[in-house]
Each structure stands twice: as structure tokens, then as C-alpha cells.
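In this note's numbering, the protein residues as written are 372 to 777.
Here the structure is laid out as C-alpha cells; the discussion comes afterwards.
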Amino acid sequence: MILQADESKRLFDFNLRCLTEKPCSEFVGDRRYVVSKMGSDVGDNDGRFQHRRVAASSCDSLLPGIHDDIALTCLAWARRSDYASLACLNRRFNSLIKSGCLYGLRKQMGIAEHWVYLVCDPRGWEAFDPTRKKWMRLPKIPCDECFNHADKESLAVGSELLVFGRELLDFATWKYSLVHRNWVKCQGMSFPRCLFGSSSFGSIAIVAGGSDKKGKILESAELYDSETGSWELLPNMHSPRKLCSGFFMDGKFYVIGGMSTPTVSLTCGEEYNLETRKWRKIEGMYPNVNKVAQAPPLVAVVDNQLYAVEHSTNMVKKYDKKKNTWAVLGRLPVRADSANGWGLAFKACGKELLVVGGQRGPEGDGIVLNSWRPESGVKDGTLEWKVLGVKEHVGVFVYNCAVMGC
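Here is the structure:
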């Protein structure tokens, strides 16, 4: 890989910050760094700092014979599924993995692996690496039995997996950290809720609408920052709605579908501009009226194009942003009409659309992950789905699913 001069300097500066700031400093051994101010005499007037190594020997290096700044750039390309093995090499690598430094460096370099996190049986959450076709079981959430058996929503943001549900006395939110590989109960929303629409964009996520514990349908929205672990209340939407879906497209957050009362379904959508902090109502954005028994809209965005599943026909549709209309593309690889859209996941996974659903076969029930790349186009009115993975003997119902890219 060849980097341009400005890219090399940006990565070099970032790597040195990783090496000199705690907790990443733990894995550089006995190295000492001398920092001297760069002035105009060396052609740099912007007050940057120059880092120089003193008494660095190859035995101190992460990769012998390679400076640590270069070694970190190389290690950033390592597969996430190899992190556990890397942590076992020695204390320095163990500290590197535990620091989370590689996730920050990958973000800086634009490197992302998209993993699928899902739960489809009482044993709990599992992660699937589509590239290596590898399944990994996550630790069980240390929650009470009420949370374990209640309906839940999930959301992947940054390097965290958030799971929203209800414990015996109130709503609760549990967070799984990829860095620490454990579950912790995290700060709740200003207005705890369920049945809301949500989506993430980088290190932030937005939840909108939903229902509180008394059944009131909400019009409020909140923003979650995974870097600070805090929630920020946003301006209210134009209409209250529950059983809705959210997504980011063209840098803006949208919410569509849902119900404003137990008997009134919404066909409008709303767009939130993060810069102006204002909502815009879009009439007729989701004409597929949501009945009480139907799941929230199954939607996904790939390359800033919106796709949706029509439950009743098992068809995939694409949204035309200019005309505010939908066009049928082709059929799903699994049925969505048997349970009115429940038990099925429809997600964006990098450049592909992902459908996760149940399948009954002679060897028992299982979950199948199918993907289709929109840029491949529609051929003879059909979508060429490919099987990414199969999970056998777990039932045919997907309770929760999230895709995390980092």
C-alpha cells in the first residue's frame, strides 16, 4: 500500500498519539520519547511537535525490526477475529488490544469489517464474521430474568452494541464493548422507551418515537454519543409514532412508518437535519400502511440509497428520493409474510443488503444469512442472492439483529 505524503504524516501523527497516551503507552516497553517544538527554522510555523526516539532497540518493538508507528499501521489491517490471538502473544500485544487503540487507528484509516450480531435463541447473542464465515458467542448479559425474556431493541454504534429492554421495575440499556469484551449497564435515555426507530452514523446514534412504560406514544428523539456514553435530547418530531424505523441517508436521519395512535398508521416520514436541528415532514414517504400486527418497516441504506421489504408480497423495493416513490426490484430469498415481517432482519452490511431469516429443512430449523450487492444490478427481474452463512438448530425466528462496521 502506497500512501501520499499528507496521508503518511496524518497516520504517523495518529500512531504516535496512540503510543504516547495511556493506556496505549503500556505496550511500548521502556522506550522514552523526546518532544521538541518545531519552529519556522525547519519550515513549520503551525506549532506542531516533533517526536524523536531515544534508545530504541529492536527487542522493544511490537514487530522486531520495524518502528512501532509502522507496526501499528500494519496491525490495523489485522482481522478483528484475530485480536484474541494477538493478545496472547505477550504483555505488550495484550495491552495494545485492551487499549482499543487499533479501533481508533482503523477508524482513522477508513478500515472497517462488518460483523453481524444477532440473537435467535435463549442462549444469547452471537457474532458472525461474513469474511471468514466464523461464528462467535458473546458473554451472556448479566441482567434479570425480566429483561432476558422481554422484547428488546438493538443498535450498533461505534464499537458498541446497545440492547434496550425492560427489567422488573423500569427500562434498562445494556452495552457490549468490543474493546473490553463485556456487558455493562449504561446510562439510560432522558425519556426511556421501547418500539422506537433508530440508526447509527459513525460514533453517534439517534432514537426517535416509541412508547414509554405507561404506553404513551412519544414524539421525542435523542442522540447517543458512544465516545462520551451520553444522551442528548433533540427537538421533537412533528408527529408521535411507535413501531417505526429509522435510518441515516445523505448525512441526515430519517424516521418512517409506525403508528400515532393504536388505530392510526402513518404514511409520512420525517427528516432530521443535524446542522439546522430541524425536522422536515415528508408526506407519502412510506405508503405501505402499517397494521397493528405488522412489524416496523424493514429498511436499509446502501450507498445512500434506501431499500425496503414489502411484507405482504415478499418483494424488495427501492426508494426514489426525487420522486418520493418506490419501485419493485425483486423477490426476497426468504418469506416475510408468514409472520407479518416479524422474526426477519433486513440490514445494510457494507456495500450489500443482508437478509437474515429462518429456514426449515430435513436436518432441522436454522437461520440463513443472504446478501445481495445492489451495484450488481437486477438481472431478468431477479436479485442474485448469495448465502453468507447458516446457523443450524437455533429455531427460525430472529429476535434482534445489528450490523457493526469497525
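Using N, Cα and C, we set each Cβ at its ideal position, and we do this for glycine too.
These numbers were taken from a predicted model, which means no experiment stands behind them.
TODO: Determine the contact status of Gly-600 and Cys-639, defining contact as a CB-CB distance below 9 Å.
DONE: The answer is no: Cβ separation not under 9 Å.
Open item on the list: Could you compute how far the alpha carbon of Val-749 sits from the alpha carbon of Leu-677?
Closed with: Spanning the two alpha carbons is a distance of roughly 16 Å.
Open item on the list: Taking its Cβ as the centre, do 16 or more other Cβ atoms sit within 10 Å of Ser-683, making it buried, or is it exposed?
Closed with: It counts as exposed.
Task: Alpha-carbon to alpha-carbon, Leu-539 and Asn-695 - done: Taking the straight line joining both Cα atoms gives about 43 Å.
TODO: Go ahead and pull the three-state DSSP assignment for Glu-746.
DONE: Collapsing the DSSP output to three states places Glu-746 in a helix.
Open item on the list: Rounding to the nearest angstrom, what Cα-Cα distance links Gly-495 and Ser-452 in this structure?
Closed with: One C-alpha to the other measures close to 19 Å.
Task: Beta-carbon gap between Val-673 and Val-726 smaller than 9 Å - done: No; because the gap between Cβ atoms is not below 9 Å, this pair is not in contact.
Open item on the list: Determine whether the beta carbon atoms of Ile-627 and Leu-605 lie at a separation below 9 Å.
Closed with: Cβ atoms of Ile-627 and Leu-605: not closer than 9 Å.
Open item on the list: Out of Ser-631, Val-769, Ala-592 and Arg-477, which one is the CA nearest neighbour of Asp-522?
Closed with: Ranking Ser-631, Val-769, Ala-592 and Arg-477 by Cα distance to Asp-522 puts Val-769 first.
- [ ] Apply the 10 Å Cβ neighbour rule to Asn-659 and answer buried if 16 or more other Cβ atoms are within range, or exposed otherwise.
- [x] Asn-659 counts as buried, since at least 16 other C-beta atoms from the protein chains shown sit within 10 angstroms of its C-beta.
Open item on the list: So Ser-570 and Gly-617 are supposed to be a Cβ contact under 8 Å. How far apart are they, rounded?
Closed with: With 8 Å as the limit, Ser-570 and Gly-617 qualify as a contact, their Cβ atoms being about 4 Å apart.
- [ ] Spatial neighbours of Lys-665 within its chain, please: CB distance less than 7 Å, with the 5 preceding and 5 following residues excluded, ordered by chain position.
- [x] In the sequence under discussion, the amino acid at residue 665 is Gln, which differs from the Lys named in the question. Non-local beta-carbon contacts of Gln-665 in its own chain, meaning distances under 7 Å to residues more than five positions away in sequence, involve His-682, Asn-711 and Gly-712 in chain order.
Task: Inter-residue spacing [alpha-carbon to alpha-carbon] between Arg-702 and Trp-756 - done: Distance between Arg-702 and Trp-756, taken at the CA atoms: about 10 Å.
TODO: Would you decide whether Arg-503 is buried or exposed? Buried here means 16 or more other CB atoms lie within 10 Å of its CB.
DONE: With fewer than 16 Cβ atoms within 10 Å of its Cβ, Arg-503 is classed as exposed.
Open item on the list: Do Arg-744 and Gly-728 count as a contact pair if the criterion is CB distance below 9 Å?
Closed with: Contact: no.
Open item on the list: Determine whether the beta carbon atoms of Leu-589 and Gly-581 lie at a separation below 9 Å.
Closed with: The answer is yes: Cβ separation under 9 Å.
- [ ] State whether the segment 470 to 477 contacts the segment 440 to 448, with contact taken as three or more CB pairs (one from each stretch) at a distance under 8 Å.
- [x] Between the segment 470 to 477 and the segment 440 to 448, the count of C-beta pairs closer than 8 Å reaches three or more; the two stretches touch.
Task: Rounded straight-line distance, which links the Cα of Tyr-454 to that of Leu-700 - done: Approximately 39 Å between the Cα atoms of the pair.
TODO: Would you mind sorting Leu-826 into buried or exposed? The rule is 16 or more other CB atoms within 10 Å of its CB.
DONE: Nothing can be reported for residue 826, as the shown portion of the chain is limited to 372 through 777.
- [ ] Pull up the distance between the alpha-carbon of Ala-592 and that of Tyr-643, whole angstroms please.
- [x] When rounded, the separation of the alpha-carbon atoms in Ala-592 and Tyr-643 is 10 Å.
- [ ] Pull up the CB-CB distance for Ala-527 and Gly-536, whole angstroms please, since I reckon it's below 8 Å.
- [x] That pair is no contact at about 16 Å.
Open item on the list: Quick check: the Cα distance between Asn-607 and Arg-462, rounded to an integer number of angstroms?
Closed with: Cα-Cα distance, rounded: 49 Å.
TODO: Could you tell me which of Glu-531, Gly-622, Gln-479 and Trp-554 sits nearest to Cys-514, measuring between CA atoms?
DONE: Checked all of Glu-531, Gly-622, Gln-479 and Trp-554; the closest Cα to Cys-514 is Trp-554.
Task: As assigned by DSSP and simplified to three states, the class of Ala-455 - done: Correct three-state label for Ala-455: helix.
- [ ] Report buried or exposed for Val-534, applying the criterion of at least 16 other Cβ atoms within 10 angstroms of its Cβ.
- [x] The residue in question, Val-534, is buried, as its Cβ has 16 or more Cβ neighbours within 10 Å.
Open item on the list: Quick check on the DSSP output: the beta strand (DSSP E) that includes Leu-604 runs from which residue to which?
Closed with: In the DSSP annotation of this structure, the continuous segment of the beta strand (DSSP E) that includes Leu-604 starts and ends at 601 to 605.
Open item on the list: Would Val-758 and Val-774 qualify as a contact pair, given that the criterion is a beta-carbon distance under 9 Å?
Closed with: Against a cut-off of 9 Å, the Cβ pair of Val-774 and Val-758 comes out as no contact.
Task: Environment of Asn-675 [buried if 16+ CB atoms lie within 10 Å] - done: The residue is exposed, with fewer than 16 neighbouring Cβ atoms inside 10 Å.
Task: The beta strand (DSSP E) enclosing His-682, as first and last residue numbers - done: No beta strand (DSSP E) contains His-682, which DSSP labels as neither H nor E.
Task: Beta carbon of Val-687 nearer than 9 Å to that of Gln-730 - done: Contact check for Val-687 against Gln-730 fails: the beta carbons are separated by 9 Å or more.
Task: Counted within 10 angstroms of its Cβ, other Cβ atoms place Val-765 as buried (16 or more) or exposed - done: Its Cβ being crowded by 16 or more others within 10 Å, Val-765 is buried.
- [ ] Taking all protein chains shown into account, decide if Cys-777 is buried (16 or more other Cβ within 10 angstroms of its Cβ) or exposed.
- [x] Cys-777 should be labelled buried.
- [ ] Reducing DSSP to helix, strand and coil, say where Ser-636 ends up.
- [x] Of the three classes helix, strand and coil, the one that applies to Ser-636 here is strand, per DSSP.
Task: Which listed residue (Asp-621, Thr-753, Leu-489 and Lys-623) has its alpha carbon closest to that of Gly-714 - done: Looking at the Cα atoms, Leu-489 is the closest of the given residues.
TODO: Check whether the Cβ atoms of Leu-566 and Leu-532 sit closer than 9 Å, and answer yes or no.
DONE: No, Cβ-Cβ distance for Leu-566 and Leu-532 is not below 9 Å.
Task: Span separating the alpha-carbon of Arg-564 from that of Asp-583 - done: Our two residues, Arg-564 and Asp-583, have alpha carbons roughly 5 Å apart in a direct line.
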